């Protein structure tokens, strides 16, 4: 390649489209670097929240710019990255989830003697870059790098409360199993490449993938992504890891990782054969059963939410099954976007309130200490009740809208039986969500078990209000959001 | 001749791989791993990828091996008694898992077919013939890295940065709290 060729290549690659498409990630990357510099000086330490907010805010604005632009960048960097309305909405969801988790983390670590808050925030800022790479990935290599950019910060953040055995255990479990899953992904990608000669997702979807080697590769890739979204039988790590991790990190793990991996799964559904729809639907139903039945048995709110996260992954996997069965994938994609939007705000809010209750000790997240919460902390109880209703899919909340879209995709895909079983599992789920509400509103407080009312950081209140508003907005007035989807 | 050498090396790789998990002394495991890396590097060389072979030796046999050996020496893992414990799940479960993975792989291998690596098949271009030699020189790799694969290449730098921060976060000694490793739950037990 001559110098002129090289210059031409760079001109082609680094045009304005590439800049627009990568700008949201670059804003976050610059934020991470700024964090490291700011943290060097004691006097600048106070700027840290500002750097975080500026970085996330800039990235948010840049995603909005893609969303509202007449011409989207489309596929840039020689097919490495997609940037369109869909990835912009995913990006906005990731940023919102990260921002809310960060706000909830503000007062969370005050009992830890040396919080290392700068490293915590820098890692939290890195995670959404990984998520954006995952949903925007044009080929398997970009997806893999994105997966690692997301996972490695989360491994470290899970073990963030170093003085506690359960946190270190969570980090180690997540790390060992996560790297194992990453190895599976690489192996699967290598087999797919060996069978077809492609790593690009579009080329793979168009290629003939019927050879056993390609099928094994697709199965390995699917298995590793299933691990990340905690689908049966790869969900066994979830309760321990979600419970041991610091709660704001759990919120990010539950919402962000799930959203990014499902965004990829629906985009890359073409890699799996259409005949896999039945299998995927079966896995989804078993996942819903495992999550819901596991959650029914829990006495601890955080662990219950972890199992509930597994159940929600099952519901979303039904969308993937629908996407496999349908020729036209737009409906499935929109269903996933609506469902995930509701889940991001609901689950982040619910985990955030757990973080708030946990401030004075882990024992306050037990169901029995929630009794009578409506009398002692009416605001917290009302918000938690709203989030529980949304997780359960009661009308007028975002959760209902999400479920409605998911099941309508299934009906379109002629999977009515699956949809009926899925709805039945959603009813089972109400059993444990309503238990929380009953405890808060209809049972008297237990002496000495109720959480003290001393700690109420303003920041957490703002974040809870934002989550609750979004849950209601998506449930009652979803028109603007559905308008974004087109 | 080259084909015979390939089978010898492939068998050597598998044997060394088995050695990694079968040896009870971690030091021997590491040395088996080294053997596996050398065999792999030679296979790359045979297939006409000298740069890949050199990188494999430099990165894996060089840097990573030294790291492994360092960790083993520092942590004094030579004592095999503590590894005598078996994993909690039964041998039957392991056997089922291993057998199913093996069957899956055999299917994959037979779907390509032994010896058909260079046969022209038509619908699987990557394995039909080895790519032109020009792919393996440093310049073409660099050109690909900075054009088609620019995004993953640049994103990897962020990945490395995040990894560094993560490692520092986990390994940093907590100042002012006394003994080395203070703040780790298992070290507390030792101090008491």
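Residue numbers (this note's numbering), protein chains in the order written: chain G, 6 to 491; chain A, 8 to 199.
No residue lacks a Cβ here, since even glycine has one placed at the ideal position from N, Cα and C.
Remember, predicted model here, so these are calculated numbers, not experimental data.
Status (buried if at least 16 other CB within 10 Å, exposed otherwise) for residue i
i: residue 481 of chain G; result: exposed
i: residue 269 of chain G; result: buried
i: residue 376 of chain G; result: buried
i: residue 248 of chain G; result: buried
i: residue 318 of chain G; result: buried
i: residue 421 of chain G; result: exposed
i: residue 107 of chain A; result: exposed
i: residue 380 of chain G; result: exposed
i: residue 113 of chain G; result: buried
i: residue 447 of chain G; result: exposed
i: residue 77 of chain A; result: exposed
i: residue 14 of chain A; result: exposed
i: residue 484 of chain G; result: exposed
i: residue 215 of chain G; result: exposed
i: residue 404 of chain G; result: buried
i: residue 44 of chain G; result: buried
i: residue 116 of chain G; result: exposed
Segment limits, beta strand (DSSP E) that includes residue i
i: residue 203 of chain G; result: No beta strand (DSSP E) holds residue 203 of chain G; DSSP gives it neither H nor E.
i: residue 86 of chain G; result: 86-88
i: residue 77 of chain G; result: Note, residue 77 of chain G: premise wrong, no beta strand (DSSP E); not H, not E.
Option in the options with minimal Cα separation from residue i
i: residue 239 of chain G; options: G:206, G:178, G:208; result: G:178
i: residue 255 of chain G; options: G:156, G:90, G:378; result: G:156
i: residue 67 of chain A; options: A:81, A:171, A:39, A:148; result: A:39
i: residue 152 of chain G; options: G:233, G:129, G:106; result: G:233
i: residue 75 of chain G; options: G:63, G:65, G:203, G:90; result: G:90
i: residue 253 of chain A; options: A:70, A:54, A:100, A:101; result: With chain A covering 8 to 199 only, the question about residue 253 of chain A has no answer from this structure.
i: residue 67 of chain G; options: G:303, G:46, G:395, G:92; result: G:92
i: residue 396 of chain G; options: G:423, G:94, G:349; result: G:349
i: residue 137 of chain G; options: G:440, G:475, G:378, G:265; result: G:265
i: residue 217 of chain G; options: G:274, G:337, G:278; result: G:278
i: residue 133 of chain G; options: G:219, G:150, G:122; result: G:150
i: residue 165 of chain G; options: G:206, G:184, G:110, G:210; result: G:110
i: residue 361 of chain G; options: G:416, G:128, G:467; result: G:467
i: residue 291 of chain G; options: G:388, G:431, G:418, G:187; result: G:431
Three-state class that DSSP yields for residue i in the structure shown
i: residue 371 of chain G; result: strand
i: residue 164 of chain G; result: coil
i: residue 20 of chain G; result: coil
i: residue 273 of chain G; result: coil
i: residue 44 of chain G; result: coil
i: residue 144 of chain A; result: coil
i: residue 144 of chain G; result: strand
i: residue 213 of chain G; result: coil
i: residue 305 of chain G; result: strand
i: residue 331 of chain G; result: coil
i: residue 7 of chain G; result: coil
i: residue 187 of chain G; result: helix
i: residue 400 of chain G; result: coil
i: residue 420 of chain G; result: coil
i: residue 366 of chain G; result: coil
i: residue 235 of chain G; result: coil
i: residue 180 of chain G; result: helix
i: residue 37 of chain G; result: helix
i: residue 154 of chain A; result: coil
Start and end residues, alpha helix (DSSP H) containing residue i
i: residue 283 of chain G; result: 282-301
i: residue 394 of chain G; result: 383-397
i: residue 244 of chain G; result: 243-249
i: residue 166 of chain A; result: 157-178
i: residue 10 of chain A; result: 9-29
i: residue 126 of chain G; result: 122-141
i: residue 417 of chain G; result: 403-417
i: residue 79 of chain A; result: 72-82
i: residue 344 of chain G; result: 335-363
i: residue 57 of chain A; result: 57-62
i: residue 49 of chain A; result: 33-53
i: residue 488 of chain G; result: 484-490
- Message: Pairs of beta-carbons, one from the stretch 32-42 of chain G and one from the stretch 87-99 of chain G, closer than 8 Å: are there three or more?
- Response: no
- Query: Is the stretch 154-162 of chain A in contact with the stretch 75-87 of chain G, if contact means three or more CB pairs nearer than 8 Å?
  - Reply: By the C-beta criterion, the stretch 154-162 of chain A is judged to be in contact with the stretch 75-87 of chain G, since at least 3 inter-stretch pairs fall below 8 Å.
- Query: Taking contact to mean at least 3 C-beta pairs separated by less than 8 Å, is the stretch 218-226 of chain G in contact with the stretch 186-193 of chain G?
  - Reply: yes
- Message: Tell me whether the stretch 280-288 of chain G and the stretch 338-348 of chain G touch, counting them as touching only if at least three CB pairs, one residue from each stretch, are closer than 8 Å.
- Response: no
- Stretch pair the stretch 363-373 of chain G + the stretch 316-334 of chain G: three plus CB contacts closer than 8 Å: Touching, no.
- Query: Should the stretch 411-428 of chain G be regarded as contacting the stretch 312-326 of chain G, the criterion being three or more beta carbon pairs within less than 8 Å?
  - Reply: Yes, since at least three Cβ pairs between the stretch 411-428 of chain G and the stretch 312-326 of chain G fall closer than 8 Å, the two stretches touch.
- Is it true that the stretch 256-264 of chain G meets the stretch 392-406 of chain G, where meeting means three or more beta-carbon pairs spaced less than 8 Å apart? Judged by pairs of C-beta atoms under 8 Å, the stretch 256-264 of chain G does not touch the stretch 392-406 of chain G, as fewer than three such pairs exist.
- Query: Should the stretch 166-185 of chain G be regarded as contacting the stretch 131-141 of chain G, the criterion being three or more beta carbon pairs within less than 8 Å?
  - Reply: no
- Item | the stretch 300-320 of chain G touching the stretch 429-446 of chain G, judged by at least three CB pairs closer than 8 Å | yes
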